[in-house]
Amino acid sequence: MEIQMQDEAFSSPAVKATLYLGSETHTVEACKGILSDQLVFVKGESMSILKEFITKHNVPNDVPDEILSEGDADDDDEGPIVKSKKIRTEK
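When we follow our numbering, the leftmost residue of the sequence shown carries the number 236, and every step to the right adds one.
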């Protein structure tokens, strides 16, 4: 009877994480292995979920190449930047 009680105690997840990302909810549970293995598993799954969320919601702004090339043409008219030299005076 003690063995059954121990099995029941270990069957529930010791490590459980719920991620609320905007309107999305993700739950990660680990049931197998020792506590450190469960933590590693939950961390890996959480990082995977975060990566997918960032990739899905990180839409770059589309900027036409023409604007960039026009901006470069304006820089050519100004000429090179010359650094001033420091002059040492002896006292």
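Here a beta-carbon is modelled for each residue, glycine too, at the ideal position from N, C-alpha and C.
CB of residue i within 8 Å of CB of residue j, strictly
i    : j    : result
L254 : S281 : yes
Proximal residues to residue i (C-beta, below 6 Å), its chain only, five neighbours per side dropped
i    : result
V250 : A265, Q273, L274 and V277
L256 : F288
DSSP bridge partner residues for residue i (one or two, in chain order)
i    : result
V250 : A265
T260 : Y255
Chain-order list of residues whose beta-carbon lies under 8 Å from that of residue i (same chain, five-residue window excluded)
i    : result
I316 : none
T262 : K251, A252, T253 and L254
Heavy atom of the ligand FAD within 7 Å of residue i beta-carbon
i    : result
S271 : You won't find the ligand FAD in this model; it holds no ligand whatsoever.
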